[in-house]
Structure formats: C-alpha cells, structure tokens
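Below you'll find the structure, written out as structure tokens, and then a few comments.
Protein chains: 2
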Amino acid sequence: MGGEAEKWVLMVTARTPTNIAVIKYWGKRDETLILPINDSISVTLDPSHLCTTTTVSVSPSFDQDRMWLNGKEISLQGGRFQSCLREIRARAQDVEDKKKGIKINKEDWQKLNLHIASYNNFPTAAGLASSAAGLACLVFSLAKLMNLKEDNSQLSAIARQGSGSACRSLYGGFVKWCMGKEENGSDSLAVQLADEKHWDELVIIIAVVSAQQKETSSTSGMRDTVETSALIEHRAKEVVPKRITEMEGAIQNRDFATFTRLACTDSNQFHAVCLDTYPPIFYMNDTSHRIISCVEKWNRAEETPQVAYTFDAGPNAVMIARNRKTAALLLQRLLYNFPPQSDTDLDSYIIGDKSILQDAGIKDMKDVEALTAPPEVKDKIPTEKSKGDVSYFICTRPGGGPVVLSDETHALLNPLTGLPK
Amino acid sequence: MGGEAEKWVLMVTARTPTNIAVIKYWGKRDETLILPINDSISVTLDPSHLCTTTTVSVSPSFDQDRMWLNGKEISLQGGRFQSCLREIRARAQDVEDKKKGIKINKEDWQKLNLHIASYNNFPTAAGLASSAAGLACLVFSLAKLMNLKEDNSQLSAIARQGSGSACRSLYGGFVKWCMGKEENGSDSLAVQLADEKHWDELVIIIAVVSAQQKETSSTSGMRDTVETSALIEHRAKEVVPKRITEMEGAIQNRDFATFTRLACTDSNQFHAVCLDTYPPIFYMNDTSHRIISCVEKWNRAEETPQVAYTFDAGPNAVMIARNRKTAALLLQRLLYNFPPQSDTDLDSYIIGDKSILQDAGIKDMKDVEALTAPPEVKDKIPTEKSKGDVSYFICTRPGGGPVVLSDETHALLNPLTGLPK
Numbered sequence: 000m001g002g003e004a005e006k007w008v009l010m011v012t013a014r015t016p017t018n019i020a021v022i023k024y025w026g027k028r029d030e031t032l033i034l035p036i037n038d039s040i041s042v043t044l045d046p047s048h049l050c051t052t053t054t055v056s057v058s059p060s061f062d063q064d065r066m067w068l069n070g071k072e073i074s075l076q077g078g079r080f081q082s083c084l085r086e087i088r089a090r091a092q093d094v095e096d097k098k099k100g101i102k103i104n105k106e107d108w109q110k111l112n113l114h115i116a117s118y119n120n121f122p123t124a125a126g127l128a129s130s131a132a133g134l135a136c137l138v139f140s141l142a143k144l145m146n147l148k149e150d151n152s153q154l155s156a157i158a159r160q161g162s163g164s165a166c167r168s169l170y171g172g173f174v175k176w177c178m179g180k181e182e183n184g185s186d187s188l189a190v191q192l193a194d195e196k197h198w199d200e201l202v203i204i205i206a207v208v209s210a211q212q213k214e215t216s217s218t219s220g221m222r223d224t225v226e227t228s229a230l231i232e233h234r235a236k237e238v239v240p241k242r243i244t245e246m247e248g249a250i251q252n253r254d255f256a257t258f259t260r261l262a263c264t265d266s267n268q269f270h271a272v273c274l275d276t277y278p279p280i281f282y283m284n285d286t287s288h289r290i291i292s293c294v295e296k297w298n299r300a301e302e303t304p305q306v307a308y309t310f311d312a313g314p315n316a317v318m319i320a321r322n323r324k325t326a327a328l329l330l331q332r333l334l335y336n337f338p339p340q341s342d343t344d345l346d347s348y349i350i351g352d353k354s355i356l357q358d359a360g361i362k363d364m365k366d367v368e369a370l371t372a373p374p375e376v377k378d379k380i381p382t383e384k385s386k387g388d389v390s391y392f393i394c395t396r397p398g399g400g401p402v403v404l405s406d407e408t409h410a411l412l413n414p415l416t417g418l419p420k
Numbered sequence: 000m001g002g003e004a005e006k007w008v009l010m011v012t013a014r015t016p017t018n019i020a021v022i023k024y025w026g027k028r029d030e031t032l033i034l035p036i037n038d039s040i041s042v043t044l045d046p047s048h049l050c051t052t053t054t055v056s057v058s059p060s061f062d063q064d065r066m067w068l069n070g071k072e073i074s075l076q077g078g079r080f081q082s083c084l085r086e087i088r089a090r091a092q093d094v095e096d097k098k099k100g101i102k103i104n105k106e107d108w109q110k111l112n113l114h115i116a117s118y119n120n121f122p123t124a125a126g127l128a129s130s131a132a133g134l135a136c137l138v139f140s141l142a143k144l145m146n147l148k149e150d151n152s153q154l155s156a157i158a159r160q161g162s163g164s165a166c167r168s169l170y171g172g173f174v175k176w177c178m179g180k181e182e183n184g185s186d187s188l189a190v191q192l193a194d195e196k197h198w199d200e201l202v203i204i205i206a207v208v209s210a211q212q213k214e215t216s217s218t219s220g221m222r223d224t225v226e227t228s229a230l231i232e233h234r235a236k237e238v239v240p241k242r243i244t245e246m247e248g249a250i251q252n253r254d255f256a257t258f259t260r261l262a263c264t265d266s267n268q269f270h271a272v273c274l275d276t277y278p279p280i281f282y283m284n285d286t287s288h289r290i291i292s293c294v295e296k297w298n299r300a301e302e303t304p305q306v307a308y309t310f311d312a313g314p315n316a317v318m319i320a321r322n323r324k325t326a327a328l329l330l331q332r333l334l335y336n337f338p339p340q341s342d343t344d345l346d347s348y349i350i351g352d353k354s355i356l357q358d359a360g361i362k363d364m365k366d367v368e369a370l371t372a373p374p375e376v377k378d379k380i381p382t383e384k385s386k387g388d389v390s391y392f393i394c395t396r397p398g399g400g401p402v403v404l405s406d407e408t409h410a411l412l413n414p415l416t417g418l419p420k
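Chains as they are written, first to last, in numbering that gives the first Met the number 0: chain A, 0 to 420; chain D, 0 to 420.
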C-alpha cells in the first residue's frame, strides 16, 4: 500500500439503469445463490429517467464497510450485500493510481474497508425495481474500483446474488437472464440480446399507480408461489421456454405484434400464478385493471397492436408504445382516463421525456380537460374518472447499460473524507 | 286430449335452489351440448333465501310457447331454451287429471304450447347464479308437468344443456357434476354426494359487491380461456381431478380444514386462469381482494380455518363458516371492514337468516359503529373503510333440492287463463 500517511481516498462513481422484464422471473430453485426456475428477458430503461448512481471508495482510514442510500446510512449486514462484497473482493486485482501515488495489491482488498453511497433518481418505494439498479450499480462500481478482469456478463452473476433481476441491469437494450444449469450458479447470468439502438423507435410510459394495500415482497411472494401454486411448475417448464425463444425472435425482427402478445400474456400469467398462490397474492389493483382494459380496447380496435403492457410486483403499469406517434396517442388516452388531481400541476404529473406531451398537443390542464373519449370507446357514457388513481407518469425509452462517471462532480462521496457530500 | 271445449289449463309450480361451486367449472369441450373439461362440485344454497320459483302450464288454448321472467315476457327462441324444451318434450309421458277430466297422450306434447313464468327471490343481475336456478327449475317443473320417468340425475343432463351449472341445482346438499366421457353428453350429469343434513353446521354469508365494470359473460369468458390460456389444460387435466377426489373426502368426513383449503385454492385458480386468458378477464375487484385478505388473516391467526371463500364470475364473495358461532364472528369482521352507507338501514344491509346478526350481538347501527378491530389485525391503524363497497350481505346455509309446490297460492300463472297473475 502506498500514499502519504494513509490519508488517501480512492473512488469510482458509476450509473446503472433499471430494467423491466417482458418475460418474467418468478420463482427460485436456489434461495441463497438466487438461481431462477426459468429464463427471463428484460428491456433496460433509459438511465436519464430511471437509474441508480453509486460512488464506491476505499481508504486505509476507513474502519468498517459503510453504506448510504439516498443520503441515509443503511446496514450492509444483509446476506445479499455480503455475498456481493465477498464475491467482488475475491476477484479484486492490483490497482495503481500513479498520479495520486496509490498502489493497492490484490491481497490488500480483504483488509481495506469501503464506503458506498447510492442514489436513485426516482422514488425508491414506488415499486420501480430500485433494488435491481442498486445492486447492479454496486457490483459494477466496485468491479471498476478493484480493477476486476470479469466482463459484464460475469459481473451479472455476482449482481444476481444481491438481487436476482439486478443481473439484467448490467447491459443496455434487450437482455436475457439465462437460468443456467450449474449447481454453483456460475452459468446463471445475463447476456445482451440487442443494444438500445437496435429498436430505437420504442417509447415507454410508466404509470405510477397509487397503492393502498401493503405489498408482498418479491422474495417471500415467489417463495410462496413455488411452494403452493399448482401452476408455477407448468409455467416454468412448459410455457416460458417457448416464450423465450419467440421473444428473442420478436426482438431480433423488431416484430412489435409478437412482442406485445408475449409481453402482455407473460405479465398476465405472472399475476395469474401469484393469484394461484396460497394465500393468494394480488399485485395489480382496480386501476391496473382499468389501464389494461384501456390498452386492450385500443389494440383490438387497431389493425395491429399499438402498445404492450407489463406489471411487476406492484400495481404500476409499464407500457411500451411502438413509436413516438403511438406514445402521444397513448398519453392522450391515459390523461383522458386518469386525469391528475386538481392540486397537481401537469409538469409534475408527466415526468421524464416531456416531449411526448408536446407531441400529444397538451400544454396545460385546459388541454387535458378538453380531451374527448377515444374512438374505440363505443358507449360514449363518460367512464368514472377517479382523479388520483395514478400518482404520475414517467415517459422514457429503452436505454444503455452501466457507465463510469469520470467527472468527479457526479461523486456522492467527498473525495477527501470518503463521507457523503 | 280431453277436457271441456279445450278450455282447461294444467299447471305445475316448483321451486329450485341456486348453487355455488367449490371446485369450479370453467371451460367446455362441447359448446352446443355444454360438456365441461373437468368435474365440478357445488354446495346447494337454502332456497328460502335464494331460489327460483317457476310455474309451467299447458293448454290447448295457448297458441305459442311463451315465458315471463320476473313478470316481464322474454323470448324463448334462444338455443339453450329450445334444447331443454326439445329434450323434455321428447321424454313426455301420458298425463291424466281425472278430477279436472284432462287426459294428454304423450304424442300430444309435441303440439301443445306452454306458458312459463319464473321468479327469482333475489336480484337477477347481482351475479348470484340466477340462470343456474332458472334453467334447473324450468326443466324440473316441465318434467313434473309432462310426467317424465327420468330421475333428477337424468334431468340434470337436460338442464345442463340450458346452462351448465344448472345441472347441479337438481339436488340439495353437496353435488358433483361428472364431466362424462360420451360424445352425446348422456353421462355428463349431476350426482348428490351428500344431502344438506349431512353437514348442517355450515353457515354461508354472501357479500354482494358493488361492481363498476361490466363483466365478461361466463359463456364467452370460458371460451376465451380455453382458446388462449396456456394454463387451463394443465388445470383441467392435472389439478382438478385430484382436488375432486380430495373434496369428496372432505365433504364425506366433514373435514372443514381440507374443505377450506380446496375451496379457496380452487376459486383462486379459476380466477388465475381468467387472468391468464388473452385479453385477461378480471372478475374480482379491490373489494373482493380485501374480503379475501380479511378472511385469510383470520384463518391464519386461528389454529384451524374458520371460513372458506369462493368467487364465481363476478366480484361477489361467498363465504362458508364452519358453524354459527364462527359465522357471527365473521359477520362482525365484515361489518367492521365494510360498514353500510349512512343512508342504508341494517335491516336491508343484512338479509336472509337475520338470526346470525343477533348471534353477533348487533341490533342497530350503533352496534356496527362500536365494532373494534379484530385481534388478528396487528397494526391498529384503522384501515380505509369505504362505505358502499358492499351492497348487502345475505346470510344463508346449505339447502335442499327442487320441490313441487302443490299449494296453488304459489303459482305464478292464473289457473284459468294461464297468464301471469
């Protein structure tokens, strides 16, 4: 170890996207290693709108591993954090920063303590896969700090042990988590099917739905499903493998109709096996159902599907529109059916890529109030519009994978003290 | 044919119960004959609270078949009515009423026209299986009028062609609809597993839940499920047969714990395959989910299950309590979570067997307002109590099968004119 009087702090800041599964992961065959019972496929979301930024730092002056999430210190004692830290340290390499006069030999990493700060640019508790982005970012940034030789796919197998779906956040675009066959989990990792430029017409709108009921965590929910559902094994063994092959083809060929059919039916089947769990698990609520009905009615009225939907372990809808024009038409429909509460301004009700709102010709609340029923709604009786059923919408698109932010202004830790800025 | 100057009217009035499936029927293998893809088991509900009364009459003066439902004339042209009428007429026998001096030879039934009047003692549109009771009552009363030799099981195979689940309303107590193997449907009929006295402790409470969305009809819903669900075949072939055997045993042994587990999981699985249909079908809503959570929480807090729940093709909950004491405790919980709207009086909010309300110690709205959270609710934060989510509750029990009402005061048709009274 080098440096002047052990006062140095070495750090790396990285940004990692979140992802949404279009063929779902639900059920583990190994709880400790987090090995799934089927492959899954996801779309990576644009990190400009949904991402985690993490700064990892090391210094001989740190007396223990510490972590801060969104500015608040949290415990690193959980088995999942510990798994990731252990796996990364075991692969650490020599690191030299000649400018700062620092040299760390790979054996030293076992003794050096870490400070980690992580920040989500979206609400953590909103059910938007914050743990996936978070664990992926932790693993990616530590791998850079410790100079790991592993590629992102190999890193994904480490992130997987922190949070299953985190492994899919190691790549941008379209990603497959291969369940693998090995008992030690070494082949249960993510591969990129196509990057975000391959199918760059797609636009994603997320409805963050107000929830009243406390949700079942994914971890305990999928355990209960595997233990009690009479349908989950059939899904994992017979249904999903075919859908994975079909979905890979749909992505390869930018076949939106097939993509939509598979994404929607697989989301619905995931929620079906949750309902087949005992006691049953409900993640979707009446608002989720109404969003599905709105999209289904429109898709069926058109010659080809316009929008795919998918729901994770919560009531939020993730809608994927075939292009910008469709996204603008979707946003009109969503605002017609789910207007904001009177005290909410449009600017905080539609966040992310606000240009979609412009495309939809909506500048202010008057434009929202002037929206009329879309043509596919036959009975022009105004449907019950409960304001406040949706908290807000996020407009985004498929996006890129993890990146190192070399500009120190992005760092979440003070480069001199290694404490949160 | 006899009688003075063709002026006679001969009639029969019968009453038939509705039924609730505890192992569900969902999916046909033959749409015309109404042959199911799996066996099902139901509990017959006490006709004092839920039944259809039907008067069928014949007279040489009738110039066409006519039918009135709840006082309003309806068409008999539907294929399902016609199937039942054709099958019954084909089995008609000689009928003689010496007192009235009437003699009808079996060949005459093909030429004689019928007047039919039917009345439900519960709201027809509330999703309470009115068509099951109605078709069963039509077939049963016509069979009596035309002196058929067939027993109730053979009659059930005719009622089945009017409405699948109607076949299970030909018996009281606990009834199994055997799917059968024959292509012509002759062995797809109902058999009684046990009569209503076999397990007479059970108490049933039905929550009629206010629905906002228009529901998918069972007929089109189950067709869509069979055509699009990737799970329905596995359910019908692998899951249901085992549950049928287990449920027969549970009923035989009055094993409430097994009965509850099977009834709840099978209801949930039926709704799971609806969700796995494309586009998905939602019959339960947020209120249904809250009722399930309330029951599940209580069942898990007790050493053995207290209440089973099951939902048909709508949001209404049918809850089966192990005995009267449990039913009173259930009613307290239901009224605590789902109080009536301020303008509703208790007497119209709890209908049917009101003695359960007395057992629960509830005399008026003050008693409802004084209810406290049940012990199994840990966080004593009052949950959101949306008044009006439940329209009303019906307290009832397992009941008997069809009966002829020989007292002419029950007749719905005028004995002289054959027209509605």
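Just so you know, even glycine gets a beta-carbon here, dropped at the ideal spot from N, CA and C.
Since the model is a prediction, treat every value here as computed from it, not as a measurement.
Neighbour list for A229 (chain D) in chain A, Cβ cutoff strictly below 7 angstroms:
In chain order: V238 and Q268.
Determine which residues of the region 273 to 298 of chain A have a Cβ less than 7 angstroms from any Cβ of chain D, and write them out in chain order.
Within the region 273 to 298 of chain A, the residues whose Cβ lies closer than 7 angstroms to some Cβ of chain D are L274, D275, Y277, P278, P279, F281, N284, D285, H288, I291 and E295, listed in chain order.
Residues bridged to P419 (chain A) (per DSSP)
Note: P419 (chain A) sits in a beta bridge opposite A:L412.
For T264 (chain A), return the contacting residues in chain E, with the cut-off set at a CB-CB distance below 7 angstroms.
This model lacks chain E altogether, as its protein chains are A and D.
Would you mind sorting Q160 (chain A) into buried or exposed? The rule is 16 or more other CB atoms within 10 Å of its CB.
buried
Give the straight-line distance between the Cα atoms of E182 (chain A) and L32 (chain A), rounded to the nearest whole angstrom.
9 angstroms
Under 6 angstroms Cβ to Cβ from H409 (chain A), same chain only, skipping five residues before and after it: list those, please.
T12
For R234 (chain D), count neighbouring C-beta atoms within 10 Å of its own C-beta (all shown protein chains included) and say buried if the count is 16 or more, exposed if not.
Under a 10 Å Cβ-count criterion, R234 (chain D) is classified as buried, with 16 or more other Cβ atoms of the shown protein chains found around its own Cβ.
Distance between L334 (chain D) and Q488 (chain D) (C-alpha atoms, nearest Å):
The shown model of chain D, from 0 to 420, leaves out residue 488 (chain D), and the question about it has no answer.
So H233 (chain A) contacts chain D; which residues on that side make the cut at Cβ distance below 7 angstroms?
L230 and H233
Could you list which residues in chain A have their beta carbon closer than 7 angstroms to that of A156 (chain D), in chain order?
Result: empty, since nearest Cβ-Cβ is about 30 angstroms, beyond 7 angstroms.
CB-CB length for S347 (chain D) against Y391 (chain D), believed under 8 angstroms:
The beta carbons of S347 (chain D) and Y391 (chain D) sit about 7 angstroms from each other, so the pair counts as a contact at 8 angstroms.
With a threshold of 8 angstroms on Cβ separation, who are the neighbours of K196 (chain D) within its own chain once the five nearest residues in sequence on each side are excluded?
G172
Can you confirm whether the region 322 to 329 of chain D touches the region 36 to 48 of chain D when touching is taken to mean that 3 or more C-beta pairs between the two stretches lie within less than 8 angstroms?
no
Taking the CB atoms as reference points, tell me whether A189 (chain D) and Y170 (chain D) lie closer together than 8 angstroms.
yes
Can you give the Cα-Cα distance for P122 (chain A) and S47 (chain A), rounded to whole angstroms?
14 angstroms
Is it true that the CB of V55 (chain A) sits closer than 8 angstroms to the CB of L134 (chain A)?
Not closer than 8 angstroms, so no.
Checking contacts by CB at 8 angstroms: is A271 (chain D) closer than that to chain A?
yes
Starting from Y348 (chain D) and walking both ways along the beta strand (DSSP E), at which residues does that stretch end?
Here Y348 (chain D) belongs to no beta strand (DSSP E); instead the alpha helix (DSSP H) covers L345 to Y348.
Cβ contact check for the region 289 to 298 of chain D and the region 364 to 379 of chain D: 3 or more pairs under 8 angstroms:
yes
Give the single residue among A:I87, A:P419, A:S162 and A:M178 whose Cα lies nearest to the Cα of L147 (chain A).
Ranking A:I87, A:P419, A:S162 and A:M178 by Cα distance to L147 (chain A) puts A:I87 first.
Beta-carbon contacts of S287 (chain D) that lie in its chain and below 7 angstroms, excluding the five residues immediately before and after:
V208, F310, P314 and A316
Measure the Cβ-Cβ separation of F337 (chain A) and D388 (chain A) and say whether it is below 8 angstroms.
yes
I believe E16 (chain D) touches G360 (chain D) by the beta-carbon criterion, under 8 angstroms. Please report the beta-carbon distance rounded to the nearest angstrom.
The amino acid occupying residue 16 (chain D) in the given sequence is Pro; Glu does not appear at that position. Going by Cβ atoms, the distance from P16 (chain D) to G360 (chain D) rounds to 30 angstroms, so no, they are not a contact pair.
From the DSSP secondary-structure annotation, give me the bridge partner or partners of M10 (chain D).
D:S56
Looking only at C-alpha atoms, which of A:P240, A:F80, A:T276 and A:G70 sits nearest to S162 (chain A)?
A:F80
Please state whether the Cβ-Cβ distance between L192 (chain D) and E247 (chain D) is less than 8 angstroms.
In contact: L192 (chain D) and E247 (chain D) (Cβ atoms closer than 8 angstroms).
Within a Cβ cutoff of 6 angstroms, which residues of the same chain sit near L415 (chain A), ignoring the five residues on either side of it in sequence?
Closer than 6 angstroms at Cβ, skipping near neighbours: no residue.
With 16 as the cutoff for other CB atoms within 10 Å, does T244 (chain D) come out buried or exposed?
exposed
Any beta-carbon of chain D closer than 8 angstroms to the one on L9 (chain A)?
no
Report the residue from D:V225, D:L412, D:A89 and D:I349 whose alpha carbon sits nearest the alpha carbon of I205 (chain D).
D:I349
Going by beta-carbon coordinates alone, are A131 (chain D) and S164 (chain D) separated by less than 8 angstroms?
yes
With a CB to CB cut of under 8 angstroms and the five nearest residues on each side skipped, what residues in its chain are close to D366 (chain D)?
Excluding sequence neighbours, D366 (chain D) sits near G360.
Using only alpha-carbon positions, find the residue among D:R28, D:W7, D:L44 and D:N104 that is nearest to F61 (chain D).
The shortest Cα separation from F61 (chain D) among D:R28, D:W7, D:L44 and D:N104 belongs to D:W7.
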